[in-house]
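Engineer: Encoded as structure tokens, here's the structure I'll be asking about.
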Amino acid sequence: MNENIFTKNYPSLDIHGETEATADLLIKTFINDNYQLQNEYLIIIHGIGEGILKNKVHEFLSNDERVLSFKLDQWNLGMTIIE
Numbered sequence: 036m037n038e039n040i041f042t043k044n045y046p047s048l049d050i051h052g053e054t055e056a057t058a059d060l061l062i063k064t065f066i067n068d069n070y071q072l073q074n075e076y077l078i079i080i081h082g083i084g085e086g087i088l089k090n091k092v093h094e095f096l097s098n099d100e101r102v103l104s105f106k107l108d109q110w111n112l113g114m115t116i117i118e
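At position 35 of the sequence shown (counting the first as 1) the number is 70 in this note's numbering, and the numbers step up by one without a gap.
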């Protein structure tokens, strides 16, 4: 669970244990829904592991024109913050 006091109120998606294909669909739906809701900041929790899901998340975000920026959380490298 996302417990950082600075980001805990941001909408979040946890994709731990998902396949790349499922994660892609979940990320796409999450971004679309939150774009329509006009949420400025989002969190995707992908875990650390071997970096497969993190790479998938960052690849997706790099190719989405609605995403202004994204970065790993400095206190939790298993979480990406999206603007």
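Where is the CB? At the ideal position from N, CA and C, for every residue including glycine.
Quantities reported herein were computed from a predicted structural model and do not represent experimental measurements.
What separation, rounded to the nearest whole angstrom, lies between the Cα atoms of T54 and G113?
Structural biologist: Rounded to the nearest angstrom, the two C-alpha atoms are 16 angstroms apart.
Engineer: I need the boundaries of the alpha helix (DSSP H) containing S97, first residue and last residue.
Structural biologist: Under the DSSP assignment, S97 falls in the alpha helix (DSSP H) whose first and last residues are 87-97.
Engineer: Between which two residues does the alpha helix (DSSP H) carrying L60 extend?
Structural biologist: 55-71
Engineer: Run through the DSSP bridge pairs and tell me what F148 is partnered with.
Structural biologist: There is simply no residue 148 to check, as the chain begins at 36 and stops at 118 in what is shown.
Engineer: What is the DSSP secondary structure of D49, reduced to helix, strand or coil?
Structural biologist: strand
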